[in-house]
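In our numbering, the protein residues as written are 116 to 311.
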């Protein structure tokens with residue numbers, strides 16, 4: 116990138132994307148072209164969001180988009196602030212390719228979910244997994260997946276290993292389901308009952 120020359124704002128080929136700053140979906144044609152001075156080839160593009168007017172960088176060499184978008188579904192009605200904040204942190208880790216951090220934070224999120232559902236603080240991770248399973252906070256066949264999460268977290272925390280993108284995505288998908296099951300749908304039902 117040291118040899119990249121950035122041109123003035125210009126009309127570019129239209130690019131459809133979701134802005135990593137504001138979350139809006141858009142198609143933009145306004146931005147900057149990054150040209151390699153030596154090869155005269157395009158190395159990157161910066162598009163400007165119509166909504167928040169912030170830049171998004173598209174690296175044409177390695178395919179990265181910065182800022183990326185949080186992975187997984189945004190879940191409303193998580194009434195427990197630490198649980199909500201950790202879930203958003205897990206999703207944001209994915210947006211910048213921090214897959215190991217996402218896996219490690221997911222483990223902490225499961226512990227916080229258990230505590231928000233009245234598990235005692237200070238238990239081991241295995242005890243929190245057992246608590247969530249025994250008390251029905253995961254679907255009936257979810258215990259095997261919880262064990263998988265425990266093992267992934269152990270590997271990320273205690274071994275010199277880098278988590279894979281696919282592992283982090285699977286984990287967020289599972290956590291999203293657990294959060295919907297325990298927060299979103301109960302809140303939705305409560306609101307419906309209050310309207311009657």
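From the three backbone atoms N, C-alpha and C, an ideal C-beta is built for every residue, glycine too. Since this is a predicted model, take the numbers as computed values, not measurements.
Bridge partners - residue i, DSSP secondary structure assignment
{"i": "residue 307", "result": "According to DSSP, which records beta bridges pairwise, residue 307 is partnered with nothing at all."}
{"i": "residue 161", "result": "147, 172"}
{"i": "residue 120", "result": "150"}
{"i": "residue 209", "result": "Note: residue 209 sits in no beta bridge, so no partner."}
{"i": "residue 180", "result": "173"}
{"i": "residue 142", "result": "131"}
Span of the beta strand (DSSP E), counted from its first residue to its last, around residue i
{"i": "residue 247", "result": "Where residue 247 is concerned, there is no enclosing beta strand (DSSP E), although the alpha helix (DSSP H) it sits in stretches over 240-249."}
{"i": "residue 284", "result": "Not the beta strand (DSSP E): residue 284 falls in the alpha helix (DSSP H), residues 280-294."}
{"i": "residue 131", "result": "125-133"}
CA-to-CA distance, residue j to residue i, given in whole angstroms
{"i": "residue 311", "j": "residue 297", "result": "22 angstroms"}
{"i": "residue 232", "j": "residue 155", "result": "58 angstroms"}
{"i": "residue 250", "j": "residue 209", "result": "30 angstroms"}
{"i": "residue 173", "j": "residue 181", "result": "7 angstroms"}
{"i": "residue 157", "j": "residue 282", "result": "33 angstroms"}
{"i": "residue 189", "j": "residue 199", "result": "10 angstroms"}
{"i": "residue 163", "j": "residue 140", "result": "12 angstroms"}
{"i": "residue 228", "j": "residue 220", "result": "12 angstroms"}
{"i": "residue 183", "j": "residue 166", "result": "16 angstroms"}
{"i": "residue 122", "j": "residue 175", "result": "16 angstroms"}
{"i": "residue 291", "j": "residue 201", "result": "12 angstroms"}
{"i": "residue 275", "j": "residue 211", "result": "20 angstroms"}
{"i": "residue 171", "j": "residue 137", "result": "11 angstroms"}
{"i": "residue 243", "j": "residue 288", "result": "19 angstroms"}
{"i": "residue 126", "j": "residue 146", "result": "7 angstroms"}
{"i": "residue 196", "j": "residue 248", "result": "22 angstroms"}
{"i": "residue 314", "j": "residue 307", "result": "Lying before the first or after the last residue shown, residue 314 is absent from the chain, which here runs from 116 to 311."}
{"i": "residue 266", "j": "residue 280", "result": "16 angstroms"}
{"i": "residue 258", "j": "residue 309", "result": "33 angstroms"}
{"i": "residue 191", "j": "residue 223", "result": "20 angstroms"}
{"i": "residue 161", "j": "residue 230", "result": "43 angstroms"}
{"i": "residue 260", "j": "residue 245", "result": "12 angstroms"}
Where residue i falls, given that 16 or more other Cβ within 10 Å makes a residue buried
{"i": "residue 277", "result": "exposed"}
{"i": "residue 124", "result": "exposed"}
{"i": "residue 256", "result": "exposed"}
{"i": "residue 300", "result": "exposed"}
{"i": "residue 179", "result": "exposed"}
{"i": "residue 304", "result": "exposed"}
{"i": "residue 131", "result": "exposed"}
{"i": "residue 234", "result": "buried"}
{"i": "residue 134", "result": "buried"}
{"i": "residue 239", "result": "exposed"}
{"i": "residue 254", "result": "exposed"}
{"i": "residue 129", "result": "exposed"}
{"i": "residue 237", "result": "exposed"}
{"i": "residue 148", "result": "buried"}
{"i": "residue 206", "result": "buried"}
N-terminal and C-terminal residue of the alpha helix (DSSP H) that residue i is part of
{"i": "residue 215", "result": "214-231"}
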